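Residue numbers (the working numbering): 3 to 268. Just so it is clear, CB atoms sit at the ideal spot from N, CA and C, and this is done for glycine as well. These figures come from a predicted structure and were not determined experimentally. Scroll down for the structure; my scribbles are underneath it.
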């Protein structure tokens, strides 16, 4: 009888352990962490405890996953991950594409004419335009400026840098800044225009659909993804995470919460 009771207790302990498996994930605060908090109850019902760590930079989350401090991260785009893997000889992989955050161009109050017309021809000559300083998002920003007639870059360069600008008719000064510093530089009148990712813009109180003078096309390839170690992509807990982040409920949450500032990529 004692052996039977012990077996039942052990079995109960085993089930309890399996029912409380932890998923650790690093994320940008908005909208990534918000979206993760939304699915936390769903995963809990499946026996997974989702633990979220918020980051304000684009470097630490990948290091944390590679060093096995985290199971996954949710902050970056496909081109950014590809460039990171190339630069660091790492093999993080895309678990699932979740959403697109259209990059926007924001102008300070001195660019009144440009704000009203949203035409490059009304851009004040010599304006200071700030762009993110990481290779992927800088290229993304310069492509947006080219698409709107502000500059011209070398043909065939997918992710151009300042060195690839071949025409600058308005003689704008392109300034490379850490992505998190862009809103501060704009609000502090250090620059006239800033190209800012939607997650950072929203953290700074900027509404991409209302405040941006230029918004990136929704056909952009820069979908935000969940990155994991290559040998763990098929783990049950990772499949559960991917499914929760691409559910009909998540799509509805994105639509109702962000009103076009964030767009589902699934």
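Original post:
Is it right to say residue 61 is buried, meaning 16 or more other beta carbons lie within 10 angstroms of its own, or is it exposed?
Top reply: Reading the chain shown from its first residue, position 59 is the one you call residue 61. Exposed, by the Cβ-count rule.
Determine the contact status of residue 32 and residue 204, defining contact as a CB-CB distance below 7 Å.
As a working note, residue 32 is residue 30 in the chain shown. As a working note, residue 204 is residue 202 in the chain shown. Result yes, Cβ atoms of residue 32 and residue 204 sit closer than 7 Å.
For the region 138-149 and the region 77-88, state whether three or more C-beta atom pairs, one from each stretch, are separated by less than 8 Å. yes
Q. From residue 176 to residue 164, what does the alpha carbon distance come to, in whole angstroms?
A. In the chain shown, counting from the first residue as 1, residue 176 sits at position 174. In the chain shown, counting from the first residue as 1, residue 164 sits at position 162. Going by the C-alpha atoms only, they are around 7 Å apart.
Between the region 168-183 and the region 128-136, are three or more C-beta pairs nearer than 8 Å?
-> yes
Would you mind reading off the limits of the beta strand (DSSP E) that contains residue 78?
Locating residue 78 in the chain shown gives position 76, where the first residue counts as 1. Unbroken beta strand (DSSP E) run through residue 78: 74-79.
>> Can you give me the C-alpha to C-alpha distance between residue 161 and residue 136, rounded to a whole angstrom?
In response: By 1-based counting over the chain shown, the position of residue 161 is 159. By 1-based counting over the chain shown, the position of residue 136 is 134. Near 11 Å, if we compare the C-alpha coordinates of residue 136 and residue 161.
**Asked** How many whole angstroms separate the CB atoms of residue 217 and residue 106, which I take to be in contact at a CB cut-off of 8 Å?
**Response** For the purposes of this step, residue 217 is taken as residue 215 along the chain shown, with counting starting at 1. For the purposes of this step, residue 106 is taken as residue 104 along the chain shown, with counting starting at 1. Their Cβ separation, rounded to whole angstroms, is 5 Å, which keeps residue 217 and residue 106 in contact under 8 Å.
- For my contact list, residue 72 and residue 83 are in at a C-beta cut-off of 8 Å; report their separation, rounded to the angstrom. As a position in the chain shown, residue 72 is number 70, starting the count at 1. As a position in the chain shown, residue 83 is number 81, starting the count at 1. Going by Cβ atoms, the distance from residue 72 to residue 83 rounds to 15 Å, so no, they are not a contact pair.
Let me know if residue 168 comes out buried or exposed under the rule of 16 or more other beta-carbons within 10 Å of its beta-carbon.
What you label residue 168 is simply residue 166 of the chain shown in a count that begins at 1. Under this definition residue 168 is an exposed residue.
* Rounded to whole angstroms, how far is the Cβ of residue 30 from the Cβ of residue 57, which I believe are closer than 8 Å? -> Here the question's residue 30 lines up with position 28 in the chain shown. Here the question's residue 57 lines up with position 55 in the chain shown. Indeed they touch by this definition, with Cβ atoms about 6 Å apart.
- Query: If we count the other Cβ atoms within 10 Å of its Cβ and call it buried at 16 or more, is residue 196 buried or exposed?
  - Reply: Along the chain shown, one-based indexing puts residue 196 at 194. Flag for residue 196 reads buried.
- By DSSP, does residue 18 sit in helix, in strand, or in coil? For this step, residue 18 is matched to residue 16 along the chain shown. Confidence at residue 18 is low in this model, with a pLDDT of 44, below 50, so its placement is unreliable and no value can be given for it.
ask   = Should residue 39 be labelled buried (16 or more other beta-carbon atoms within 10 Å of its own) or exposed?
value = By 1-based counting over the chain shown, the position of residue 39 is 37. With fewer than 16 Cβ atoms within 10 Å of its Cβ, residue 39 is classed as exposed.
| said: Using only CA atoms, which one of 28, 48, 41 and 35 lies nearest to residue 238? | reply: Taking the first residue of the chain shown as 1, we reach residue 238 at position 236. With distances taken between Cα atoms, residue 238 lies closest to 48.
Requested in this report: Ignore the nearest five residues each way along the sequence and tell me which others in residue 206's own chain have a CB closer than 7 Å to its CB.
Outcome: Translated into positions along the chain shown, residue 206 becomes position 204. Here the set comprises 185.
task: Tell whether a beta-carbon distance below 7 Å holds between residue 246 and residue 41.
output: For the purposes of this step, residue 246 is taken as residue 244 along the chain shown, with counting starting at 1. For the purposes of this step, residue 41 is taken as residue 39 along the chain shown, with counting starting at 1. Their beta carbons are under 7 Å apart, which means residue 246 touches residue 41 by this criterion.
(message) Looking only at its chain, what residues have a beta carbon closer than 8 Å to the beta carbon of residue 23, apart from the 5 residues adjacent to it on each side?
(response) Within the chain shown, numbered from 1, the residue matching residue 23 stands at position 21. Once the five neighbours on either side are set aside, the close Cβ partners of residue 23 are 49, 50, 51 and 239.
| task | With DSSP collapsed to three states, give me the class of residue 182. | result | Within the chain shown, numbered from 1, the residue matching residue 182 stands at position 180. If DSSP states are grouped into helix, strand and coil, residue 182 belongs with the helices.
Fill in: Close Cβ partners of residue 261 (< 7 Å) along its chain, the five nearest in sequence each way excluded
Numbered from its first residue, the chain shown carries residue 261 at position 259. For residue 261, where only same-chain residues beyond five positions count, the Cβ hits under 7 Å are 211.
Tell me the DSSP secondary structure of residue 67 in three-state form. Translated into the one-based positions of the chain shown, residue 67 becomes position 65. Residue 67 falls in the helix class under three-state DSSP.
Q.
Are the CB atoms of residue 65 and residue 27 within a distance shorter than 7 Å?
A. Counted from its first residue, the chain shown places residue 27 at position 25. Counted from its first residue, the chain shown places residue 65 at position 63. No, Cβ-Cβ distance for residue 27 and residue 65 is not below 7 Å.
Notebook entry, point to check: Name the DSSP beta bridge partners of residue 94, please?
Noted result: Working through the chain shown from its first residue, we reach residue 94 at position 92. According to DSSP, which records beta bridges pairwise, residue 94 is partnered with 231.
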